[in-house]
Amino acid sequence: MQYTKPQEEAVTEKFDRNVLVSASAGSGKTRVLVDRVINKLIRDQVNIDEMLIVTFTKAAAKEMRDRIQTALHEQLDQTKDASKKAFLVRQLRRLPVADISTMDSFCQKIVQNYYYIIDLDPNFRLLADATESQMLKEQVWDAVREDLYANDKDGQFAQLTENFSDDRSDDGLTDLVFRIYDYANVNRDPVDWLKKTTRIYEVGEEGLTKSDFYQKQLLPFIKNDVQQQRLAFNSAKQIADDNMMEKESAALQLDVEQMDDLMASLDTQSWDDIREAFTSAKFKTFPRTNKDYDDVMKGLHDRIKDIRDTAKKAFQKIPGRYFGLDEADNLKVMQASKQLIEKLIQVVLTFSDSYQQAKLKRHCLEFIDVEHYAYQILAGNSEQSHAVRDNLQRQYNEIMVDEYQDNNRLQDAILSTLAHPDHGNMFMVGDVKQSIYRFRLADPSMFIDRMEDTENEHTIVLPDNFRSAANIDDFINLIFTQTMDKQVGEINYTGDAKLKAGAKYPDDLQANVDVMVYESKDDDDADETMDEQFQVQDSAHGQVEMIAQKIDEMVNKKMPVFDRKAGEMRPVKYSDIAIISATRNNNLIISDIFGAHNIPVLINGAQSYFKTTEIQIMMAMLSIIDNPYQDIPLVAVLRSPMVGLDENQLAYLRINSKMGDYFNAVLHFYHHYDEMQHSEFSDQVFNRVQTFMHQLQHFRDVAQQHEIVDLIWDIYETTGFLDYVGGMPAGKQRQANLHALYERAFDYEQTSFKGLFQFVRFVRRMQERNEDLDEANADDNDDAVSVMTIHGSKGLEFPVVFLMDASHGFNQQDTKKSYVLNDRLGLGITYTDPETRIKEDSLQRQVVTAIENQGLLAEEMRKLYVALTRAEQQLFIVGATKASNDRTKVLDAWNKAAHGNDRLVDAALRSGAKNYLDWIGPALVRHPRFRDKFGDDTDSTVLDDDNTQFDVEFINANDLSKHAVTGDNATSAKWLDNLVSSAKKLVPKDINVDDINQVMDYVYPNDVATHTTAYQSVSEIKRLFEDPDNLQLGNYDDKWQENKQSSRYVNNDFSTPKFMQSVSQPMPTDIGIATHLLLQEIDLDTAPTADTVNDLLQRLVADQVITPEVAKKINTAEVARVFESPLGKMMLEHTDALRREAPFSMLMDANLVFNGFAADAQEKILVHGIIDGYIELADKVILFDYKTDYVPWPGNDEQAQKIVDKYRGQINLYATALENILHKPVVGKYLYLLSINRLEKVE
């Protein structure tokens, strides 16, 4: 590989301090990292296990390991030196155990190796499933909350709840507690972070405007808001000046001067004086249109007035935002807010402790817990911690971190602890411009801080983009050199931060960039010539239709693209194209419209999963199965395709029973219909209700007796709902969504939480938090257009990229609540006076909100950078105007940036962006290509020499109708008639009917094998062996076979036994399992007594193998009496021949178990189980099994015989297995009934 100079430095140089590699998009950072590893192995003879390599994902870790392995093999093939060959072979052998992993995996390894240092039980499992983690959180919080309510003597907790919740529930406080807990936990010291959250409320006695809070935090934001409106007034004035509109210009000059005066007051006056100045600010009436103006001048006048009115409205929000209270009242609110937050921190600490104890009690931890424990081990002050830390610091020659910009502060602290204490040996690779995981609390500021710390850190910048064509790079640079800087974007996009074209493409390649804006208009604006069959429902449909038509055009015209692997030009394929969007909101629309255009599409991710109609209907059905007395879910199901009642029929049910719940009305109609007057209409209603009531009862029975996954699949099959949605628009995606619900229910069933109510409650909570399930892929096609989110596209590249929905508003929901969180400043709140119930935003809330908005904008800017840099050869940016806007208003908004010769667009304008087009449009208006097309409305020359090629188009429904799929195409209502008509015209020739019948009537000879399992447990087939003669009589058919499992799920991660996870009253099965464990573990060198059994039990409790609750239920004397029986004495006599808890497996002929197999069939099934015990003597075997089944009294022979009959099949199967395995006869088969201390022989 031919390196660039920065790449060569990164790969080959030795450094005496930490190195930060800032690798721009497409710069080959992974290759650089791998080559540095190889270089250290080959040149420096550093062993692979002397390097720590941390990646962001498991897939990246596997790719890194595979690349290193490939490189080592290549070196091994090339070298002739024997010693080098031996060294390389050693590295290949060590590679599987080398520390190449994610941060989570590395921390888990540290904890598993050194758990004893912090006195942690090493037997834990990871709460990798968010479902179980969330439900455990809520369970713990419910208990903590009830305790806080019960002991709320001063009423502070009640006030806290009222402040952050509404009158319907206290979910607001719940969400706040959980979010603060998460924010605190990504810091090395969560408790310290929590305690610092109130510092922002400490103003001091000098006065508000003299405080650090005002000068350093509040003042810059007020100035920015004023400056933004000043810019708008000045922009309008510039238009007036350019067109010699003197009255308008004079009025706007007064507006500009007023903004300047207010800006000056912010630096010199007291708070109350500033407040008075802002609240009393007035705007003079704008001059009317001059009667001498022609139509053009009148249009300009109206345009100027619109700009001024918009700025006025924006300014008039400033006094309400900042100056609602005078200084005295502000200080009161600050003090009250501080006290409230102090109480909140106490609550969070209480919850945190309780949650941690609950996890430890269940022997489970979250990833963040493992990271904290790893940090405690590595950074502790104990002698053992020092020894581990020193050893690892000596071991790791270099610590390499990939995607460093996505780390949080706790992870950075762990890695820094491992770094060499005398000189930095961390090698960090990433790109802060691609840090897009803020929602996971990643902290890109660490990357920026290291870049600016030139004294202790060495930075290497890789600017070359080996992915994109030069014009794509030029366009991206054109946008970000004007929009991204330290103030808006958190980093300056200058110098080496800009992309440098490094990819090699043919000179004649057309690397186009198109900005396509769909003009959303009311139907009244439609052209009379527009095809009546073509309708655009909204702007989202318009955007998707634009993209579909553009893809049709490219594919049909065989637009050439350069195949980089083949090194040649070829026609574009669907798989060359990706549609990237910030959200999944339009996935169903894409699936529908692309289906009409016959464009294959692969959609990665469900669209707003819980908001889709099919999932809402299913959740409504599950809700009423749990509790039918819920009006809204019930009516949703009745109105859905599952039942099919329309509005009139629903109203009819209510009219017949106007009182009580709606379900009572349904019941009344169902049970009393015979007494009512019948009609065709009422009969239709009754038939549907009758079917529904039967299905509902059936579903409720299934819910009580089976798992949720069985219930969901039963609903799909009974109602045909899964098939129904498959026939709807975007049917594959809808079916994928329903399958995802089934899979989520299965994952839920694997947790320690059970039951339909808990599942419905969990899903409802996720809906309330606007959280979705994991991706639900609808299709898999090698040649299909890919649809994905910006986050999903990271690390990928495509010849053709569409950035869709660039006009979609940024998500600012986190700043609309009664609190706003920031990882640096803490918490800003809206305070509710408990007496007056008046809500007041603290000034601290305004500051935190402004900072969060800055962070949000920086994150969105980085997301835009990621999206645009996915493109190799063609880039399309697609957006839409609002229905109330036309292109003129959009261009006016963009033209606010048209004046001035500073490369950067004004900061106030950039910080006011609501979507991506608000950055892209202003960055284009000063460019010659834009001015040539839309008119020269600028005096700026800053972009005159820029040669970037791009086009901007405004497209409306009339334009789209010219190329829409209508008439005889797939979307026409007459398509079926056309198909039938065409089919009738076909003339069959040379048809061999016998061949067709042979294919159509083919029967798979081993069909029965497809309906049975090849793997059976003893408990599943024990009834077959209740009578040994059944083996001679052949297969056994019973209802149990109808309900048998047809497949199995295998989980390699062994979870903690359920009797160890349960915190409720022990079940009989829990006690039975623990009793068997005692009998397995008891020492038989001497005859056991009640005391020795009790000692063993207490040891198992101390080792947390058996819970105290279960231990209390075990009768140790009962266990000891086993060894006083003839069986027990035989066990003590033959301890060498005794086998306890013996697992076995054996093959059986399938026809002995299942119907349908021929007697001579070669099909086998595998039977497995665990035998409690047997004694293998020289020529015979004694088999025994313990049973803890309850028998009312010792002399109850009938009940004892029932137990023997119950387990006869199981014991006979054990005997058959032992005889086959040991080749010795089983001469004695016994059951020991512990509850009555009785030995029963099984015949």
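The sequence shown: position 554 = 568 (this note's numbering), numbered continuously. Built from N, CA and C at the ideal position, the CB exists for glycine as well.
8 Å Cβ shell around residue i - same chain, five flanking residues per side excluded
| i | result |
| --- | --- |
| aspartate 416 | Lys43, Thr44, Leu47, Ile67, Val68, Thr69, Phe70, Ala74, Met78, Val443 and Gly444 |
| leucine 923 | Gln242, Leu245, Lys910, Ala911 and Pro936 |
| leucine 1091 | Leu1114, Val1119 and Ile1120 |
Proximity of residue i and residue j at Cβ, strictly below 8 Å
| i | j | result |
| --- | --- | --- |
| phenylalanine 677 | leucine 648 | yes |
| alanine 1231 | isoleucine 1189 | no |
| isoleucine 604 | valine 615 | yes |
| glutamine 557 | alanine 897 | no |
| phenylalanine 824 | glutamate 874 | yes |
| asparagine 479 | glycine 40 | yes |
| aspartate 80 | arginine 108 | no |
| tyrosine 762 | phenylalanine 773 | yes |
| leucine 1098 | threonine 1149 | yes |
| alanine 562 | histidine 611 | yes |
| glutamate 271 | proline 301 | no |
Beta-carbon contacts of residue i that lie in its chain and below 6 Å, excluding the five residues immediately before and after
| i | result |
| --- | --- |
| phenylalanine 453 | none |
| serine 821 | Gly893, Ala894, Asn929 and Leu931 |
| valine 814 | Asp590, Ile591 and Gln888 |
| methionine 573 | Val586 |
| aspartate 274 | none |
Buried/exposed call for residue i, threshold 16 Cβ in 10 Å
| i | result |
| --- | --- |
| tyrosine 389 | buried |
| glutamine 524 | exposed |
| glutamate 689 | exposed |
| aspartate 982 | For aspartate 982, the pLDDT reaches just 45, beneath the cut-off of 50, and the residue's location in the model is therefore unreliable, although a value from the coordinates is still provided. Flag for aspartate 982 reads exposed. |
| leucine 636 | buried |
| leucine 379 | buried |
| tyrosine 507 | buried |
| glutamine 1059 | Note that glutamine 1059 has pLDDT 36, beneath the 50 cutoff, so the model's placement of it is unreliable and the number below is only indicative. Exposed. |
| lysine 571 | exposed |
| isoleucine 646 | exposed |
Distance between residue j and residue i (C-alpha atoms, nearest Å)
| i | j | result |
| --- | --- | --- |
| tyrosine 1221 | tyrosine 1204 | 14 Å |
| aspartate 14 | phenylalanine 235 | Since the first and last residues shown for the chain are 15 and 1257, residue 14 lies out of range. |
| tryptophan 285 | aspartate 606 | 57 Å |
| leucine 208 | valine 527 | 48 Å |
| leucine 1197 | valine 1133 | 18 Å |
| valine 111 | leucine 134 | 24 Å |
| leucine 492 | methionine 460 | 27 Å |
| lysine 1216 | glutamine 370 | 47 Å |
| arginine 1153 | isoleucine 1185 | 9 Å |
| arginine 940 | aspartate 308 | 28 Å |
| alanine 264 | proline 743 | 58 Å |
| glutamate 1155 | lysine 1243 | 16 Å |
| phenylalanine 760 | glutamine 644 | 25 Å |
| methionine 1160 | leucine 1191 | 21 Å |
Neighbour flag for residue i against chain B, beta carbons, 8 Å
| i | result |
| --- | --- |
| histidine 386 | Given the protein chain composition of this structure (a single chain), no chain B is represented. |
Own chain, CB closer than 7 Å to residue i, minus 5 neighbours either side, in chain order
| i | result |
| --- | --- |
| lysine 352 | Thr212 and Tyr215 |
| proline 642 | Leu648, Phe677 and Leu710 |
Answer yes if the stretch 459–472 comes into contact with the stretch 877–893, meaning at least three C-beta pairs across the two stretches below 8 Å, and no otherwise.
Contact between the stretch 877–893 and the stretch 459–472 is absent: fewer than three C-beta pairs spanning the two stretches fall below 8 Å.
At a cut of 8 Å, does the stretch 277–292 reach the stretch 308–321 through at least three beta carbon pairs?
Note that the stretch 277–292 does not touch the stretch 308–321; fewer than 3 beta-carbon pairs, one per stretch, sit closer than 8 Å.
Is it true that the stretch 654–667 meets the stretch 702–712, where meeting means three or more beta-carbon pairs spaced less than 8 Å apart?
Under the Cβ criterion (8 Å, minimum of three pairs), the stretch 654–667 counts as touching the stretch 702–712.
Can at least three beta-carbon pairs, one atom from the stretch 826–841 and one from the stretch 859–866, be found at a separation below 8 Å?
Contact between the stretch 826–841 and the stretch 859–866 is present, because at least three Cβ pairs lie under 8 Å.
Meets three-Cβ-pair contact criterion under 8 Å: the stretch 393–403 and the stretch 158–166:
Verdict: no, contact absent.
Tell me whether the stretch 421–440 and the stretch 27–37 touch, counting them as touching only if at least three CB pairs, one residue from each stretch, are closer than 8 Å.
Verdict: yes, contact present.
Any chance the stretch 144–159 sits against the stretch 421–437, with 3 or more Cβ pairs inside 8 Å?
Flag = no, the stretch 144–159 and the stretch 421–437 do not touch.
I want to know whether the stretch 678–688 touches the stretch 714–733 - three or more CB-CB distances under 8 Å.
By the Cβ criterion, the stretch 678–688 is not in contact with the stretch 714–733, since fewer than three pairs of Cβ atoms, one from each stretch, lie closer than 8 Å.
Three or more C-beta pairs closer than 8 Å, one from the stretch 716–724 and one from the stretch 734–749: is that the case here?
Contact fails: fewer than three Cβ-Cβ distances are below 8 Å.
If we count Cβ pairs, one from each stretch, closer than 8 Å, do we get three or more for the stretch 343–352 versus the stretch 191–209?
The answer is no - the stretch 191–209 does not touch the stretch 343–352, with fewer than three Cβ pairs under 8 Å.
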